[in-house]
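J.: Residue numbers (the numbering used here): 15 to 284.
Each residue gets a CB set at the ideal place from its N, CA and C atoms; glycine is no exception.
Supplied in structure tokens, the structure appears directly below.
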DNA sequence: CTGGTCACCTGGAAGC
DNA sequence: TGCTTCCAGGTGACCA
């Protein structure tokens with residue numbers, strides 16, 4: 015599930031319980047996720063106090079003063095707070111134990127990542143290549159127009175390219191383009207400034223609404239029963255192939271762009 | 001640089 | 001019922 019809103023909701027869900035507390039131990043039950051887990055660097059952060067948890071794109075950065083622990087949830091990752099010593103399930107790969115509470119990483123597909131970064135985390139190769147944060151004032155139609163200049167690739171996969179714009183994944187790319195009434199197949203460089211002035215606020219609003227919807231389920235992060243902590247969203251197009259468009263009633267269509275499913279309403283999006 | 005494809009990994013759903 | 005195939009919210013590597 016983790017696109018920007020889910021990562022941000024996770025951050026808000028776990029930060030109040032963890033910030034300011036000392037990391038007592040770190041248990042790694044698999045050797046690697048996307049990258050080898052930070053076994054050797056463990057001594058660098060065990061015993062340290064957690065200063066803050068911030069987000070950059072879909073990454074979480076846990077600041078331990080002497081360095082940052084970077085966490086990415088991949089396709090199937092989730093973080094929950096559980097009472098320490100809670101027996102792990104099959105895909106509970108990492109526990110960061112803070113006193114009586116453990117931050118538990120579950121990730122069945124293991125596309126997620128956890129890395130220890132020393133120095134300025136934004137200089138790290140994984141961070142330095144990241145694009146614009148969509149929920150900032152710098153993300154404007156004029157900026158996006160310049161970014162898309164000359165690009166022939168379709169707008170939908172282009173919006174999902176984290177080297178240009180971070181946080182917008184497969185769900186919110188389809189949803190945002192529907193709300194902005196833009197056909198996902200439109201060559202990115204051909205979209206007028208006028209239409210981008212519609213798209214940019216829509217992306218901000220779509221992500222913000224999803225974060226706010228997740229806020230109501232924040233308490234799930236401190237449940238120990240394994241409930242997901244994520245929220246169900248009322249989507250306009252995502253996963254609604256063949257179902258009536260919520261605006262015009264015509265069937266939602268599905269197509270594939272870059273091996274990913276795209277959902278759209280051919281009547282409403284042009 | 002751009003644009004396209006593949007790989008990583010597991011599990012659930014759909015198809016036969 | 002049981003086996004096979006396809007698909008899933010991300011992204012880095014690789015190629016032309």
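1. Among residues of its own chain, excluding the 5 on either side of residue 89, which ones have a beta-carbon nearer than 6 Å to its beta-carbon?
2. So, are the CB atoms of residue 179 and residue 173 less than 8 Å apart?
3. Which residues in the same chain as residue 82 place their Cβ atom closer than 6 Å to its Cβ, once the five residues preceding and following it in sequence are excluded?
4. Just to confirm my understanding: we take residue 121, look at its own chain, exclude 5 residues before and 5 after, and list those with CB closer than 8 Å. What are they?
5. Skipping 5 residues on each side, what residues in its chain have a beta carbon closer than 7 Å to that of residue 53?
6. With distances taken Cα to Cα, identify the nearest neighbour of residue 184 among 252, 37, 72, 55.
7. Between which residues of its own chain and residue 114 is the CB-CB distance below 8 Å, once the five residues before and five after are set aside?
8. Report buried or exposed for residue 150, applying the criterion of at least 16 other Cβ atoms within 10 angstroms of its Cβ.
9. For the alpha helix (DSSP H) containing residue 206, list its first residue and its last residue.
10. What residues match up with residue 248 in a beta bridge as DSSP calls it?
11. How would you write the range of the alpha helix (DSSP H) that residue 31 sits in, first residue to last?
12. Looking only at C-alpha atoms, which of 67, 21, 25, 280 sits nearest to residue 34?
13. Under 8 Å between the Cβ atoms of residue 176 and residue 148?
14. Comparing alpha-carbon positions, which option in 71, 25, 45, 80 lies nearest residue 37?
15. Is residue 275 helix, strand or coil when you go by DSSP?
16. Can you tell me where the alpha helix (DSSP H) with residue 59 in it begins and where it stops?
17. Cα-Cα, which of 212, 78, 85, 221 is closest to residue 51?
18. Can you check DSSP and say which residues form a bridge with residue 255?
19. Compute the Euclidean distance between the alpha carbons of residue 218 and residue 277, then round it to the nearest angstrom.
20. Between 112, 45, 154, 100, which lies nearest to residue 78 when the distance is taken from Cα to Cα?
21. Quick one: give me the first and last residue of the beta strand (DSSP E) that residue 116 is part of.
22. Assuming residue 171 is part of the beta strand (DSSP E), what are its boundary residues?
23. Starting from residue 193, trace the alpha helix (DSSP H) both ways and give me its first and last residue.
24. I need the boundaries of the beta strand (DSSP E) containing residue 75, first residue and last residue.
25. Closer than 7 Å by C-beta to residue 55: which residues in its own chain qualify, once you throw out the five before and the five after it? Chain order, please.
T.: With the structure as the only source:
1. The beta carbon of residue 89 is closer than 6 Å to those of 123, 125 in its chain, skipping five residues each way along the sequence.
2. Their beta carbons are under 8 Å apart, which means residue 179 touches residue 173 by this criterion.
3. Once the five neighbours on either side are set aside, the close Cβ partners of residue 82 are 75, 131, 135.
4. 47, 87, 88, 90, 91, 92, 105, 107, listed in sequence order.
5. Counting only Cβ-Cβ distances below 7 Å, and skipping sequence neighbours, we find 42.
6. Answer by Cα proximity: 252.
7. If we look at residue 114 and ignore the five residues flanking it on each side, its Cβ neighbours are 97, 98.
8. Label assigned to residue 150: exposed.
9. Premise fails: residue 206 is in no alpha helix (DSSP H) and is neither H nor E.
10. In the DSSP assignment, residue 248 is bridged to no other residue.
11. Run containing residue 31: 18-32, per the alpha helix (DSSP H) assignment.
12. Here the closest residue by C-alpha is 67.
13. No.
14. With distances taken between Cα atoms, residue 37 lies closest to 80.
15. Three-state DSSP puts residue 275 in a strand.
16. First-last of the alpha helix (DSSP H) with residue 59: 56-59.
17. Among 212, 78, 85, 221, the Cα nearest to that of residue 51 belongs to 85.
18. DSSP lists 266 as the beta-bridge partner residues of residue 255.
19. Pairing residue 218 with residue 277, the inter-Cα distance amounts to about 20 Å.
20. The residue from 112, 45, 154, 100 with its alpha-carbon nearest to that of residue 78 is 112.
21. Element bounds for residue 116: 115-120.
22. If you look at residue 171, you'll find it isn't in any beta strand (DSSP E); it sits in the alpha helix (DSSP H) that goes 169-173.
23. Following the DSSP letters along the chain, one finds residue 193 inside the alpha helix (DSSP H) bounded by residues 184-193.
24. Residues 73-77.
25. Counting only Cβ-Cβ distances below 7 Å, and skipping sequence neighbours, we find 130.
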